[in-house]
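J.: The working numbering applies: residue 1421 is where the sequence shown begins, and numbers increase by one. This is the structure I have questions about; it appears just below.
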Amino acid sequence: MNGQVQARLDAGERAVQTAYTAFIRHPEACEPCRKDGADCPEAARLRQAWRDARAAVAA
């Protein structure tokens, strides 16, 4: 594997990790998520961004 391919894979993994971290940390600061125990629209958007990032890495 050459450096450019590895760099692209690393960037994809970083994107997945960043999206996952944002999704996981969101409920700490979001009262509706904590109170209701369900995803608010922002949490749903963050979850979808994480799924999209994972799908992009898998492709």
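All C-beta atoms in this analysis are idealised placements derived from N, C-alpha and C, irrespective of residue type, glycine included.
Would you mind sorting L1429 into buried or exposed? The rule is 16 or more other CB atoms within 10 Å of its CB.
T.: Mapped onto the sequence shown, residue 1429 falls at position 9. L1429 comes out exposed.
J.: Which residues in the same chain as A1439 place their Cβ atom closer than 6 Å to its Cβ, once the five residues preceding and following it in sequence are excluded?
T.: As a position in the sequence shown, residue 1439 is number 19, starting the count at 1. Hits under 6 Å: A1469, W1470 and A1473.
J.: If you follow the alpha helix (DSSP H) that D1459 is part of, which residue opens it and which one closes it?
T.: Here the question's residue 1459 lines up with position 39 in the sequence shown. D1459 -> no alpha helix (DSSP H), and no H or E assigned at all.
J.: Under 8 Å by Cβ, that's how I've got A1366 and G1432 pegged, so tell me the actual separation to the nearest angstrom.
T.: In the structure as shown, the chain begins at 1421 and stops at 1479. Residue 1366 is therefore absent and cannot be evaluated.
J.: Keeping to the same chain, check which residues put their C-beta closer than 8 Å to that of A1463; ignore five residues upstream and five downstream.
T.: What you label residue 1463 is simply residue 43 of the sequence shown in a count that begins at 1. The answer, listed in chain order, is F1443, H1446, P1447, C1450 and C1453.
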